[in-house]
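Below is one structure, written out as structure tokens; comments come after it.
Protein chains: 2
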Amino acid sequence: MSKLVIVGTVAFDALETPFGKTDKILGGSASYIGLSASQFKVESAIVSVVGGDFPQSYLDIFSNRGIDISSIEIIKKGKTFFWSGRYHNNMNNRDTLVTELNVLENFQPIVPESYKDAKILVLGNLHPAVQSSVLDQMEEASTLVILDTMNFWMDHTLDALIEVIKRVDVITINDEEARQLTGEHSLVVAAKTIHAMGPEYVVIKKGEHGALLFNEGRMFSAPAMPLESVFDPTGAGDTFAGGFAGFLSQSENVNFESMKKAVIYGSTLASFCVEKFGTERLESLKQEEISQRLKAFKELTQFEIELTS
Amino acid sequence: MSKLVIVGTVAFDALETPFGKTDKILGGSASYIGLSASQFKVESAIVSVVGGDFPQSYLDIFSNRGIDISSIEIIKKGKTFFWSGRYHNNMNNRDTLVTELNVLENFQPIVPESYKDAKILVLGNLHPAVQSSVLDQMEEASTLVILDTMNFWMDHTLDALIEVIKRVDVITINDEEARQLTGEHSLVVAAKTIHAMGPEYVVIKKGEHGALLFNEGRMFSAPAMPLESVFDPTGAGDTFAGGFAGFLSQSENVNFESMKKAVIYGSTLASFCVEKFGTERLESLKQEEISQRLKAFKELTQFEIELTS
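Chains as they are written, first to last, in the numbering used here: chain A, 697 to 1005; chain B, 697 to 1005.
Shown next as structure tokens:
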């Protein structure tokens, strides 16, 4: 099996949506990416940090899904990164209520020896200098590096962000962030601009409107599955990245065609994520359910038009 | 050839976008619908009204595209409907600067005898009572009726709007309007609610995010073609409706499969509309260009995933 290493946050989230609220539950970018990718035939590890307050039962969730957790550092005297947010009625906007970095503040990820030649590295949303420090540890130029980031780093550490973007193969970024990063309104032009910054592949996530994949003048568009209700959008973007990376890990070739499929798998996984609070839906997700939804994705998007010229 | 009758506005528009501004140019829902549908093998007529100030050269644009203009009433002493708007930098929002109804105020559309058995009737955006009066004139239950409307009528003449919605087969409506009409945020639920109001097919237009087609539990999603620049979004929704109706006019069967193709053709035509001011791009549009863009649409959306179960 191919190796996939995921560097990102493992956290507590407390969420409020129009449908209810939670106390501290399992959250963090690496949690969503890992659980999503665990649906594929891949040997995966999470590199992260938590505090002594982090329950074993949450770690067991990862282990039970076959994820190597030996590189999730536990700082006994520290507290786990905590984020709390409240979604507006439209589910597209949210307010951050609390951000306590805690053990994340001094997080220095260490990639385990056995994963330094991983087929795929996913750099979940973190300080871009920390993301760069992970790249320094990798040993094989053939490792496909997928970077996720957000507007916070554009606002506060733009130079470091530009440095890490230079070094990655794939960037996943949401539409408004792509516009902010490039100053371009057209996503086609924004993707070209980001492409010129380094990444060969640019994936622009549009939330309920799906995702766009760009590569050297080629484009692919995948919708999000239209749903009757979105219960909690937290982690949908990370779940997308996890499905995307998971599919590529087990894919023989990494090229535009496999990336297209990876986008569809990413969208499929993300469509489950939003059905329940936090990681709950991902934890119970079965292969048959994924197959069913892939079928629905095909029906949603595929058409037959004969081209005469 | 099948007959298509289009009832809507023929107007003057004055537009301001970040790229420039126009004096009074050809506008109106029926103009865009007609020009777009004229790309298909169909016998079409526009039913509308203009004033004595409306130039023959604009009428010639329709005639030259094979559109029957004998039901565009010319009120010599009246003035043509005039709308002026200014787009914001993001192109998604616009302010109406001027609306002068003029001859439109007393418009009583009369469907010509030879079109009372048309295969397809498109009711462009108009007062819903006026739209109903057109339906009263049609003679064949087999006529497929496509209705377009907007939030203005929801705000001011909701009862009349609900009455006409009851009587149509297909409604095209934008996402925010679908939400306003139904009070439902989820477009899946909104479409179900509208379906229950009457229309067998519900098309939700999402602007730069494409369109969704709903029919009895089935869904189809088409993206908008991502473009380097959107010069002027005016008329894109009507152009979509025109391409949609034009394709269905020449299609042997009217069912979910042909509707899917119609949505793709609608999106294709709309993607040209926004490339220049007003109807300019539609006037010069060639079949080869449409074929090329359909090919691009296939590349943009089609993928191969083997389903194992």
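Ideal placement from N, C-alpha and C gives every residue a C-beta, glycine not left out.
Between which two residues does the beta strand (DSSP E) holding B:Glu-739 run? 739-747 is the extent of the beta strand (DSSP E) around B:Glu-739.
Worksheet entry | Contacting residues, own chain, Cβ-Cβ under 8 Å from B:Glu-835 (five flanking each side not counted) | Lys-812 and Asp-813
A:Gly-685 versus A:Ser-954, A:Val-841, A:Gly-820 and A:Thr-718, residue with shortest Cα-Cα distance: Because chain A is modelled from 697 through 1005, residue 685 of chain A falls outside the range shown and cannot be assessed.
- Query: Would A:Gln-946 pass as a contact of A:Phe-736 if the rule is Cβ separation under 8 Å?
  - Reply: Here A:Gln-946 is near A:Phe-736, since their CB atoms are less than 8 Å apart.
Discussion item. Could you tell me the alpha carbon to alpha carbon distance between A:Ser-967 and A:Phe-993, rounded to whole angstroms?
Written reply: 10 Å
**Prompt:** What does DSSP give as the partner residues of B:Arg-863 in its beta bridges?
**Reply:** According to DSSP, which records beta bridges pairwise, B:Arg-863 is partnered with nothing at all.
Query - Alpha carbon of B:Val-743 to alpha carbon of B:Pro-714, nearest angstrom - result: 33 Å
Margin query: Alpha carbons only, please: which of B:Val-885, B:Glu-924 and B:Tyr-897 is nearest the one belonging to A:Glu-924?
Written below: B:Val-885
Continuous alpha helix (DSSP H) stretch holding B:Leu-996: start and end | The continuous alpha helix (DSSP H) containing B:Leu-996 extends over residues 983-997.
Quiz item: On the three-state DSSP scale, how would you describe B:Met-787?
Solution: coil
State the DSSP-derived secondary structure class of A:Gly-933, mapped to helix, strand or coil.
-> helix
Pick from A:Phe-848, A:Thr-964 and A:Arg-761: whose alpha carbon is nearest that of A:Arg-989? A:Thr-964
Original post:
For a contact meaning CB atoms closer than 7 Å, what does B:Val-898 contact in chain A?
Top reply: What B:Val-898 touches in chain A: nothing, since even the nearest Cβ is about 12 Å away.
If you draw a straight line from the C-alpha of B:Arg-782 to the C-alpha of B:Gly-913, how long is it? Note on geometry: alpha-carbon atoms of B:Arg-782 and B:Gly-913 lie some 38 Å from one another.
Straight-line gap, B:Glu-739 to B:Leu-857 (C-alpha atoms, nearest Å)
29 Å
Review point. Which first and last residues belong to the alpha helix (DSSP H) in which A:Asp-851 is found?
Key: Boundaries of the alpha helix (DSSP H) harbouring A:Asp-851: 847-852, taken from the DSSP string.
Would the stretch 870-883 of chain B count as touching the stretch 836-854 of chain B if we require 3 or more Cβ pairs under 8 Å? As far as the Cβ criterion goes, the stretch 870-883 of chain B touches the stretch 836-854 of chain B, which means the pair count is three or higher.
- Query: So who's on the other strand from B:Gly-716, going by DSSP bridges?
  - Reply: B:Thr-713
* **A:Phe-848 versus A:Glu-896 - alpha carbon distance** => 23 Å
Item checked: Contained beta strand (DSSP E) runs [length at least 3] in the stretch 896-958 of chain A, N- to C-terminal order -> Taking 3 residues as the shortest admissible run, the stretch 896-958 of chain A contains the following complete beta strand (DSSP E) segments, listed from N- to C-terminal end: 897-901, 907-911 and 914-918.
Q) What are the residues of the stretch 724-746 of chain B that lie near chain A, defined by any Cβ-Cβ distance shorter than 9 Å? A) none
*Taking only beta-carbon positions, decide if B:Ile-867 is within less than 8 Å of chain A.*
no
Smallest Cα separation from B:Phe-940: which of B:Glu-796, B:Thr-795 and B:Gly-962? B:Gly-962
Next item on the list: Tell me whether A:Asn-760 is buried or exposed, calling it buried when 16 or more other Cβ atoms sit within 10 Å of its Cβ.
Entry: exposed
Next on the checklist: What does the Cβ neighbour count give for B:Gln-827, buried or exposed, with the cut at 16 atoms within 10 Å?
Outcome noted: By the neighbour-count rule (16 or more Cβ atoms within 10 Å), B:Gln-827 is buried.
- Task: Below 6 Å CB to CB, which residues in the same chain sit around A:Gly-906 once its five sequence neighbours on both sides are set aside?
- Result: Ala-918, Pro-919 and Ala-920
Check: Since B:Leu-797 is in the alpha helix (DSSP H), which residue starts that stretch and which ends it?
Finding: Note, B:Leu-797: premise wrong, no alpha helix (DSSP H); not H, not E.
Between which two residues does the alpha helix (DSSP H) holding A:Lys-888 run?
883-893
Taking A:Met-697 as the reference, which of A:Ile-806, A:Ile-771, A:Lys-956 and A:Phe-943 has the closest Cα? Checked all of A:Ile-806, A:Ile-771, A:Lys-956 and A:Phe-943; the closest Cα to A:Met-697 is A:Phe-943.
Quick one: using the 10 Å Cβ neighbour count with 16 as the cut-off for buried, is A:Val-818 buried or exposed? Buried, by the Cβ-count rule.
query = For A:Val-806, does the count of other Cβ atoms within 10 angstroms reach 16, so buried, or fall short, so exposed?
reply = A small correction: the amino acid at residue 806 of chain A is Ile; Val does not occupy that position in the sequence shown. So A:Ile-806 counts as exposed.
Practice prompt. Under the assumption that B:Ser-987 contacts A:Leu-831 (Cβ atoms under 8 Å), give the Cβ distance between them as a whole number of angstroms.
Written response: That belief does not hold up - the Cβ atoms of B:Ser-987 and A:Leu-831 are roughly 45 Å apart, past 8 Å.
Pull up the DSSP beta-bridge partners for B:Gly-781, would you.
Paired residues: B:Leu-711 and B:Thr-792.
Item to complete: Please work out which residues of its chain come closer than 7 Å, Cβ to Cβ, to A:Glu-971, disregarding the five sequence neighbours upstream and downstream, and give them in chain order.
Response: Annotation for A:Glu-971: Phe-927 and Arg-977 place their beta carbon closer than 7 Å to its own, counting only its chain and skipping 5 residues before and after.
Residues of the stretch 982-1000 of chain B whose Cβ lies closer than 9 Å to any Cβ of chain A, in chain order: Gln-983, Glu-984, Ser-987, Gln-988, Leu-990, Lys-991, Ala-992, Phe-993, Lys-994, Glu-995, Leu-996, Thr-997, Gln-998, Phe-999 and Glu-1000
task = Output, in sequence order along the chain, the residues in the stretch 935-957 of chain B whose CB is closer than 7 Å to any CB in chain A.
result = Lys-956 and Lys-957
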